[in-house]
Amino acid sequence: MWRPDTVLTGGEWDMFLVAPPLADHPVRRILIIGAAGGTTARALAALYPGVRIDGVELDPVVSELGREYMGLDRIPGLRTVNEDGRSFLQRSGDRYDMIAVDAYHRDYVPFHLATAEFFQLCRDHLSAGGVLAINAARVPEDDQLATAVAGTVATVFPQAWRWGALRFNELVIGLDRPLGHDELARRAATVPPAVRVLAPLLAREAVVAPPGADPMTDDRAPVEWLSDRMYLEHIATGQGLDETLLPTAP
78 MWRPDTVLTG
88 GEWDMFLVAP
98 PLADHPVRRI
108 LIIGAAGGTT
118 ARALAALYPG
128 VRIDGVELDP
138 VVSELGREYM
148 GLDRIPGLRT
158 VNEDGRSFLQ
168 RSGDRYDMIA
178 VDAYHRDYVP
188 FHLATAEFFQ
198 LCRDHLSAGG
208 VLAINAARVP
218 EDDQLATAVA
228 GTVATVFPQA
238 WRWGALRFNE
248 LVIGLDRPLG
258 HDELARRAAT
268 VPPAVRVLAP
278 LLAREAVVAP
288 PGADPMTDDR
298 APVEWLSDRM
308 YLEHIATGQG
318 LDETLLPTAP
């Protein structure tokens, strides 16, 4: 999503904007897996000036459309790489203060980006005290996919949080060092003024995710079964897929 007059959308992309202050130190380097046309990168670059961002996008056509219509090549500090996110991490020797995963789609979740092995790879590429943030799908009456993702993250990271910010999207957060709820709220309150309205929501709604008893692995990650069932059963109720908006909506 792109608007010429603001970097905010009110959608799931804005969830990522509260994650940088949750790190133990100022965020200087960010990796986005699933960078698409640059919506999240543009907002992070605007709200956290001086950050360097590696935006990894599998589809070069999407990146080209981003350059043509969304100013992707004008985002300060952004380097775009067209590659699978996991293969990028496997060959990269870099470390990041924040890794954002925005590669799960309503109709398809790449299983290899939702396993303990992948999350371990993310943790290995985070600086000490860094933060992992994942946009995970859900529906109002079924959050089993997000629960599976969060539970798997919690088996790899010392602590995982879930923020059910929207009806169909939630933010899963993996922290390299555990935080108490009061400290989480304190850090969230230091977000830039443009998104400060989200801080009390995160503080009120975020919950610690326990480690899953059956974490997803490269050998067993039933993401398609979970996501297909979730959406088909939701549609069968006669409800639509219209998302609510965050209070950052323009």
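Counted from 1, the sequence shown has number 260 at position 183 by my numbering; the numbering is strictly sequential. Every residue, glycine too, gets a C-beta built ideally from N, C-alpha and C. These numbers were taken from a predicted model, which means no experiment stands behind them.
> Looking at the unbroken alpha helix (DSSP H) that takes in valine 226, where does it start and where does it end?
Replying inline: 221-233
> Would threonine 229 be called buried (16 or more neighbouring beta carbons within 10 Å of its own) or exposed?
Replying inline: buried
> For the alpha helix (DSSP H) that leucine 303 lies in, which residues bound it at each end?
Replying inline: 300-313
>> By alpha-carbon positions, which one of Asp136, Pro97, Asn212 and Asp179 ends up nearest to alanine 266?
In response: Pro97
> Where aspartate 184 and glycine 154 are concerned, what is the direct C-alpha to C-alpha distance, given to the nearest angstrom?
Replying inline: 31 angstroms
> So, arginine 106 versus isoleucine 130, is the Cβ gap smaller than 9 angstroms?
Replying inline: Yes, the Cβ-Cβ distance between arginine 106 and isoleucine 130 is below 9 angstroms.
> Quick one, are the C-beta atoms of leucine 275 and valine 95 less than 9 angstroms apart?
Replying inline: yes
> By Cβ distance, which residues of its chain are closer than 6 angstroms to valine 268, with the 5 residues on each side in sequence left out?
Replying inline: Val95, Pro98 and Ala276
>> On the CB-based measure, 16 or more other CB atoms within 10 Å of its CB, does alanine 205 come out buried or exposed?
In response: exposed
> Between aspartate 219 and histidine 311, which are expected to be in contact by the criterion C-beta below 8 angstroms, what is the C-beta distance as a whole number of angstroms?
Replying inline: 7 angstroms
> Which residues in the same chain have their Cβ closer than 7 angstroms to the Cβ of arginine 254, if we skip the five residues on either side of it in sequence?
Replying inline: Asp101, Gly206 and Pro235
> If alanine 193 and proline 292 are in contact, beta carbons under 8 angstroms, what's the gap, nearest whole angstrom?
Replying inline: Between alanine 193 and proline 292 a beta carbon distance of about 5 angstroms is seen, short of the 8 angstroms cut, so the two are scored as contacting.
>> Does proline 187 pass the burial test, meaning 16 or more other C-beta atoms within 10 Å, or should it be called exposed?
In response: buried
>> I'd like to confirm the pairing. Which residues does DSSP put opposite asparagine 246 in its beta bridges?
In response: Residue pairing for asparagine 246: DSSP places it in a beta bridge opposite Ala214.
> Which whole runs of the alpha helix (DSSP H) in the segment 110-195 are 4 residues long or more, in chain order?
Replying inline: 116-124, 137-146 and 162-168
> Going by C-alpha distance, which of Glu247, Leu318, Glu134 and Pro324 is nearest proline 270?
Replying inline: Pro324
> Leaving out five residues before and five after valine 139 in sequence, what residues of the same chain have Cβ atoms less than 8 angstroms from its Cβ?
Replying inline: Ala113 and Gly114
> What first and last residue would you give for the alpha helix (DSSP H) that runs through alanine 265?
Replying inline: Its alpha helix (DSSP H) spans residues 258-265.
> Distance, Cα to Cα, aspartate 305 vs cysteine 199?
Replying inline: Their backbone Cα atoms lie some 26 angstroms apart in a straight line.
>> Between the alpha carbons of arginine 156 and glycine 132, how many angstroms are there, rounded?
In response: 6 angstroms
> At what residues does the beta strand (DSSP E) containing arginine 281 begin and finish?
Replying inline: Note, arginine 281: premise wrong, no beta strand (DSSP E); alpha helix (DSSP H) at 276-282.
> Do leucine 121 and aspartate 161 come within 9 angstroms of each other at the CB atom, strictly closer than that value?
Replying inline: Taking 9 angstroms as the cut-off, the Cβ atoms of aspartate 161 and leucine 121 do not count as close.
> If isoleucine 110 and leucine 190 are in contact, beta carbons under 8 angstroms, what's the gap, nearest whole angstrom?
Replying inline: Cβ-Cβ separation between isoleucine 110 and leucine 190: approximately 7 angstroms, consistent with a contact (criterion under 8 angstroms).
> Considering only the beta carbon of each residue, do proline 217 and arginine 239 sit closer than 9 angstroms?
Replying inline: no
> Who does leucine 108 pair with in a DSSP beta bridge?
Replying inline: Asp131 and Ile176
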